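Numbering (my numbering), first residue to last: 279 to 630. A virtual CB, placed ideally from N, CA and C, is assigned to each residue, including glycine. Quantities reported herein were computed from a predicted structural model and do not represent experimental measurements. Beneath this line is the structure, given in structure tokens, with notes to follow.
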Amino acid sequence: MQPVRLAVVGVGLIGVRHAELMRSHEGCALVGLCDVDPSRRAVADSFGVPFYSSVAELIERERPAGVVIATSNDTHAAVAEICARRSVDVLIEKPIASTLEQAHRIVDTAQESGIQVLVGHHRRHNPLIQKTRELLADGALGRLIGVSILWALLKPDDYFDVGWRREQPGGGPVLINLIHELDSLRFLCGEITEVYARTSSAVRGFAVEDSVSIALHFASGALGTLLASDATPAPWSYEATTGENPAYFRTHENCYTFLGTAASLAFPRMELWRYADGSRQGWKEPMERLAVEVAGADPLTRQLTHFCRVIRGEETPLIDAEDATKSLAVALAVQKSAHIELPVQPALVGGG
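Right, dumping it as structure tokens:
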């Protein structure tokens with residue numbers, strides 16, 4: 279079987295990471311890089327592939343079957359349209375877009391052109407997340423009552439040397455980081471029907487938030503809470519606890535807690551707490567802690583494998599444009615709720 283020809287548009291940190299994965303993946307071949315910044319040509323040279331400043335020219339000359347779009351969020355729709363006009367499937371980095379209007383453009387583009395759109399909410403490909411989804415779906419926890427997420431870490435001062443990270447819209451952790459958590463919650467627990475959020479920028483004083491609290495309501499009737507801050511030395515974040523990215527110091531703590539009528543689950547240590555079968559149940563009674571075994575695998579590599587299979591017609595996207603738009607709507611609802619200091623339903627968030 280011939281390797282799938284792939285290209286990357288947007289040669290920033292995540293674009294380079296995609297290129298590195300393609301170079302080492304036996305199922306695909308990196309055929310070109312594209313960026314509006316001519317200085318990024320050096321990156322293409324290091325990979326030994328052609329460099330382009332035009333997406334259309336890259337596609338015309340290199341004929342990729344798929345393109346990874348890793349440009350700024352507000353350009354995703356325009357790049358996707360260029361690819362769609364040339365019948366090239368795309369993997370779009372998260373979030374799918376900056377606004378719902380732009381996201382709906384991508385949805386419409388996919389429907390009208392027939393191209394496949396996979397959105398890079400890569401945590402859905404993590405075996406830990408997939409096992410948790412399986413446990414919840416199979417009823418191992420009984421009926422889901424609630425979920426609690428703690429996302430706490432310290433971003434260094436030089437992180438904010440990039441100006442847009444200090445500014446609205448989109449520079450704070452809600453759209454950069456917490457959209458991961460919100461998408462995971464939708465994937466694991468079902469649709470989020472209402473959010474009530476408060477934000478604070480009291481630590482740094484930037485225009486963007488440094489701390490967030492969110493109360494969530496799910497269609498199932500389950501409740502959720504999410505407390506987040508990027509201004510505190512703390513071991514409780516998905517990045518630090520899962521070991522998914524070796525660049526982060528791993529703390530081996532838990533960051534998600536799922537509460538059910540039959541059991542509870544601490545993630546990512548995958549500790550299932552319950553009463554022994556046939557035993558007396560109640561708050562004073564002994565409980566057992568079971569370790570759920572999960573084989574590790576790199577989710578970005580699994581996502582790339584999945585994208586190749588989508589291009590070949592062997593699989594359908596794990597998260598397509600329409601699904602990813604719902605996750606964006608939840609994140610925008612969080613921002614709106616914090617602004618108006620009232621609960622907001624994601625389904626009713628406007629698209630401007």
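DSSP three-state assignment for residue i, whether helix, strand or coil
| i | result |
| --- | --- |
| A569 | strand |
| H584 | helix |
| I470 | strand |
| C306 | strand |
| G326 | coil |
| L369 | strand |
| L504 | strand |
| V486 | coil |
| F527 | coil |
| G629 | Because G629 carries a pLDDT of 46, less than 50, the predicted location of this residue cannot be relied on, and no value is offered for it. |
| W551 | strand |
| I492 | strand |
| R464 | helix |
| G448 | coil |
Span separating the alpha-carbon of residue i from that of residue j
| i | j | result |
| --- | --- | --- |
| P546 | E531 | 8 Å |
| H584 | V486 | 35 Å |
| Q623 | V327 | 46 Å |
| E371 | K604 | 15 Å |
| S489 | R401 | 22 Å |
| E563 | T410 | 26 Å |
| A475 | A388 | 32 Å |
| V608 | N351 | 16 Å |
| T529 | E338 | 47 Å |
| P595 | R364 | 19 Å |
Own chain, CB closer than 6 Å to residue i, minus 5 neighbours either side, in chain order
| i | result |
| --- | --- |
| G293 | V286 and A348 |
| A575 | P405 |
| Q380 | A355 |
| V395 | V368, A388, D598 and A599 |
| A362 | T387, S391 and I393 |
Whole-Å CB distance - residue i paired with residue j, under 8 Å assumed
| i | j | result |
| --- | --- | --- |
| R283 | R341 | 6 Å |
| E571 | A554 | That belief does not hold up - the Cβ atoms of E571 and A554 are roughly 19 Å apart, past 8 Å. |
| D315 | H399 | Actually they do not touch by this definition, with Cβ atoms about 26 Å apart. |
| I492 | V612 | 6 Å |
| A506 | L456 | 6 Å |
Chain-order list of residues whose beta-carbon lies under 7 Å from that of residue i (same chain, five-residue window excluded)
| i | result |
| --- | --- |
| G424 | A500, L501, G502 and L537 |
| P577 | H400, R401, H403, N404 and E522 |
8 Å Cβ cutoff, residue i in contact with chain B
| i | result |
| --- | --- |
| S515 | Absent from the structure: chain B. Only one protein chain is present. |
| message | With a threshold of 8 Å, are at least 3 pairs of Cβ atoms found where one atom belongs to the region 430 to 437 and the other to the region 584 to 602? | response | no
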